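In our numbering, the protein residues as written are -13 to 199.
The following block contains the structure:
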């Protein structure tokens, strides 16, 4: 059986942090740790993470505001309130476009429906979109803060199904976390584990998606 007969991909679903952008939270944690001489790095990681009940997970679900997140961060890390905006933009500004990703997206959108699927923060998305204008390349976006669900929740992936305009077997989720791809596959999606853009191009070819770049 040829790949052409085996796959009929209509929609490509992209994660943001770790796929479209570099995983900026890791870099931000290192910067904040150094600037404020924070010794307990593990606590800092826990705050920014998307682990259940962490501040990072709550803000991604839209269950606390960015101001509430910062207040909890300042209290736990003993950081002065006057540095609020400074820390926010260290965090948001640590996300950068992955090499070549925009070119890949521009080519894919000629023939496929493109959807963002992201556990993210409203203010960060607004900041990055103002900086890079990336949302204009996508047909739809499914954000955790709009549905109060994150990628550890099967219901969030079921919500994604309402936005792909095809069967899950005709869509590919591209994510940098294996656990997210596994959950999507359990609902019938195809999956690509993202490492870097050159490998993404090779992995797309396995689904008979060839890029003219």
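Note that CB positions come from ideal geometry on N, CA and C, so glycine has one too. These figures come from a predicted structure and were not determined experimentally.
Fill in: Residue of 40, 92, 97, 28 minimising C-alpha distance to residue 119
Closest option to residue 119, Cα to Cα, is 92.
Fill in: Bounding residues of the alpha helix (DSSP H) (the contiguous stretch that carries residue 115)
Looking at the DSSP string, the run of the alpha helix (DSSP H) that includes residue 115 is 108 to 118.
Worksheet item: Do the region 78 to 96 and the region 0 to 13 touch if we need at least three Cβ pairs shorter than 8 Å?
Response: At 8 Å Cβ cutoff, the stretches touch.
Worksheet entry | Own chain residues within Cβ distance below 6 Å of residue 53, not counting five before or after | Within the same chain, and ignoring the five residues on either side of residue 53 in sequence, no residue has its Cβ closer than 6 Å to its Cβ.
Worksheet item: Which word fits residue 33, buried or exposed, when buried means at least 16 other C-beta atoms lie within 10 angstroms of its C-beta?
Response: Residue burial annotation: residue 33 is buried, with at least 16 other C-beta atoms found within 10 angstroms of its C-beta.
Item to complete: Tell me whether residue 176 is buried or exposed, calling it buried when 16 or more other Cβ atoms sit within 10 Å of its Cβ.
Response: Under this definition residue 176 is a buried residue.
Worksheet item: Taking the Cβ atom as the reference point for each residue, do residue 87 and residue 143 lie within a distance shorter than 8 Å?
Response: Between residue 87 and residue 143, the gap from beta carbon to beta carbon reaches 8 Å or more.
Worksheet item: Within this structure, are the beta carbons of residue 150 and residue 8 separated by less than 8 Å?
Response: The answer is no: Cβ separation not under 8 Å.
Worksheet item: Do residue 43 and residue 136 have their C-beta atoms closer together than 8 Å?
Response: Yes.
Discussion item. By the DSSP assignment, the alpha helix (DSSP H) with residue 71 in it spans what residues?
Written reply: Counting along the chain, the alpha helix (DSSP H) containing residue 71 begins and ends at 70 to 79.
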